[in-house]
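Accompanying notes for the structure given below.
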Amino acid sequence: MAAVPVHRSNVCEILAKLGVSEYIPDLRKGEGVHDIEFVENSMSYDEFFRSFLLPNKPCLLGKHATEHWRSVKEWVLNDGTPNFEYIEAAFGDVTVPVANCGKEKYYAQPKQDMKMSDYLQYWKKHIEMDHNSPEGCLYLKDWHFTKAFPDYGAYTTPIYFKSDWLNEFWDHRQDQQGDDYRFVYMGPKGSWTPFHADVFRSYSWSANICGKKRWLFYPPGAEDHLRDTLGNLAYDVTSPEIDDLTKYPHRHKAGEPLEVIQESGQVIFVPSGWHHQVFNLEDTISINHNWLNGCNLDITWRFLQSELQAVQKSIEDCRDMEGWADQCQLIMKASTGMDYAEFFNYLHIISSHRLQSCNENRTDSTNTVSSRDKSDTPNVDSLGTHQVASCAVGSSERAPVLTNINDGNLSVNHFVFDLWRIQQILEDMIGNQEFKEIDSRLSQKPENLLQDIRTELDIA
């Protein structure tokens, strides 16, 4: 098949086929969401994309997403409890981060490092003492398991979550600074996570390998009513303190949370910006990812802008000092985990993977056509939408999403969607004054990257 440029009308056709209007509302705040939908049976990626990713709606997936995982078979006993013996034999020597659920420090649970074998000994003792040991309730959280054991194969990311730009970015960074966003959590009955929204306002998913969790969700914006008179976000929305109107005067405006119980083997999808609090109702092990893609890219960009504004306000009295803008970026990265330069780097890497795949496929397609009789070359007017978007088929190394989304032609369409969304955000960034101030620190001119994308989509 000959490679054909993707014209604007064809991009619109592709977006329409995906159920995407050219305008994705800036505010996807859960309007009309009154419960957490249970997806008992598997669905196509395209269905999930339209039903949950684009509208930013939470859901709970049935056991179909995890039933074949190695971790489900090896980390759990027949009675559904953690297989401490196996876990200690396999991972007992590693150091893991452990939070104390009974203490609070700077609106978080203080952490310490423990040897896995020591933590498991604590956990077994805690169970023997009816979950009331003198050490308190300790929760193994944010363990970068995949980074520590890249070849173990504990699980396979469900297809719905495989368009994961955040971990694609981390995996392809040559410096490998920082951590990935793939975690294992292990904790006894009674362990919990305070009220929060996820890093970069990313999506997250959490699969219960064993045990049971209780989730409380508030849609984006409701958290503003769950701040105290000093502006601090509530730490525990189940505490009686939350009903003290002298401390939380607007609590009633937040309404009641959406609540769902997650059983063993089930997977919860947490949308961008939905604040949540989680309780382990049984001894529980879970696998979790934070992730971003084209559906919530604008939410992350908006979040970074608001974080920078907060930093600027906090050091406003130093604005006249040399290097103030750079200092603001430095503080934002320290507190948030990303600054504007790294966000552009992120977009650069993600788009470059896709653009290179386009070029590789175009070369392959041209070679294929040249080896055939010209009479076999299809008429452009007869091509279907997926054929017009042929640039989207390419190297799995450059664009892993293409092999991850195994829905045939849909992978092509979603690839075009990726480039279209990056183009939108780049256009907004280039017009942003604070972004212009760090232009000299960037590895490539944003305008050049934008032009490359426009050329690929043929809408310059």
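Residue numbering for the sequence shown follows our numbering, beginning at 5 and increasing consecutively. All residues carry an ideal CB built from backbone N, CA and C; glycine is no exception.
Cβ neighbour criterion (16 or more within 10 Å) applied to Ala211: One-based indexing of the sequence shown puts residue 211 at position 207. Ala211 should be labelled buried.
Gly191 - partner residues in DSSP beta bridges: On the sequence shown, position 187 is the one that residue 191 refers to. Looking at the DSSP assignment, Gly191 forms a beta bridge with Thr288.
Boundaries (first-last residue) of the beta strand (DSSP E) holding Thr99: Position 95 of the sequence shown holds residue 99. DSSP places Thr99 in the uninterrupted beta strand (DSSP E) bounded by 99-104.
Cβ pair count under 8 Å reaching 3, the region 269-278 against the region 244-256: The region 269-278, when compared against the region 244-256, does not touch it at the 8 Å Cβ threshold.
Where Asp146 sits in the DSSP three-state scheme: As a first step, residue 146 must be located in the sequence shown, where it is residue number 142. Strand.
Residue from Ser290, Trp295, Pro261 with nearest C-alpha to Asp39: To locate residue 39, count along the sequence shown from 1; it is residue 35. Comparing Cα-Cα distances from Asp39 to each of Ser290, Trp295, Pro261, the minimum goes to Pro261.
Uninterrupted alpha helix (DSSP H) stretches inside the region 15-64 (no shorter than 4 residues): Runs of the alpha helix (DSSP H) inside the region 15-64: 49-52.
For Asn452, the first and last residue of its enclosing beta strand (DSSP E): Numbered from its first residue, the sequence shown carries residue 452 at position 448. Element bounds for Asn452: not the beta strand (DSSP E) but the alpha helix (DSSP H), 450-461.
Endpoints, beta strand (DSSP E) assigned at Ile272: The count along the sequence shown starts at 1 and reaches residue 272 at position 268. Per DSSP, Ile272 belongs to the beta strand (DSSP E) from 271-274.
Val264 - partner residues in DSSP beta bridges: For the purposes of this step, residue 264 is identified with residue 260 of the sequence shown, where counting begins at 1. DSSP, once it has assigned bridges, lists Trp219 as partnering Val264.
Pairwise C-alpha distance: Leu144 and Lys216: Along the sequence shown, read from residue 1 onward, the residue named residue 216 stands at position 212. Along the sequence shown, read from residue 1 onward, the residue named residue 144 stands at position 140. C-alpha separation (whole angstroms): 16 Å.
Through-space distance from Phe307 to Arg205, alpha-carbon basis: Position 201 of the sequence shown, counted from the start, is the residue given in the question as residue 205. Position 303 of the sequence shown, counted from the start, is the residue given in the question as residue 307. In a straight line, the C-alpha of Arg205 is about 7 Å away from that of Phe307.
Inter-residue Cα distance where the pair is Asn436 and Gln333: Here residue 436 refers to the residue found at position 432 of the sequence shown. Here residue 333 refers to the residue found at position 329 of the sequence shown. Approximately 14 Å between the Cα atoms of the pair.
Cβ-based neighbour list, Ile303, same chain, cut-off 7 Å, excluding 5 preceding and 5 following: Here residue 303 refers to the residue found at position 299 when the sequence shown is read from its first residue. Beyond the five residues adjoining it in sequence on each side, Ile303 comes within less than 7 Å, by CB distance, of Arg205, Ser276, Gly277 in the same chain, given in chain order.
Segment limits, alpha helix (DSSP H) that includes Trp305: Position 301 of the sequence shown, counted from the start, is the residue given in the question as residue 305. Going by DSSP, Trp305 is part of the alpha helix (DSSP H) stretching over 301-318.
Backbone CA spacing between Tyr239 and Phe199 [nearest angstrom]: Working through the sequence shown from its first residue, we reach residue 239 at position 235. Working through the sequence shown from its first residue, we reach residue 199 at position 195. Cα-Cα distance, rounded: 5 Å.
Residue interval of the alpha helix (DSSP H) (run including Ser137): By 1-based counting over the sequence shown, the position of residue 137 is 133. Segment: none, Ser137 is in no alpha helix (DSSP H) and carries neither H nor E.
Identified DSSP bridge partners for Ala211: Position 207 of the sequence shown, counted from the first residue, corresponds to residue 211. DSSP output for Ala211 lists Val271, Ile291 as bridge partner(s).
Minimum C-alpha distance to Ile163 - residue among Glu51, Glu320, Asp422: Locating residue 163 in the sequence shown gives position 159, counting from the first residue. Looking from the CA of Ile163, the closest CA among Glu51, Glu320, Asp422 belongs to Glu51.
Segment limits, alpha helix (DSSP H) that includes Lys465: No answer is possible for residue 465: it lies beyond the span of the chain, which begins at 5 and ends at 464.
Bridge partners - His418, DSSP secondary structure assignment: Translated into positions along the sequence shown, residue 418 becomes position 414. DSSP, once it has assigned bridges, lists no residue as partnering His418.
Option nearest Lys128 by Cα separation, candidates Glu35, Ala112, Phe88: Within the sequence shown, the letter at position 124 stands for residue 128. Of the listed residues, the one whose Cα sits closest to Lys128 is Phe88.
Own chain partners of Asp380 with C-beta closer than 6 Å, once the 5 adjacent residues on each side are dropped: Along the sequence shown, one-based indexing puts residue 380 at 376. Its pLDDT being 43, under 50, Asp380 is placed unreliably in this model, and the value from its coordinates should be taken loosely. Hits under 6 Å: none found.
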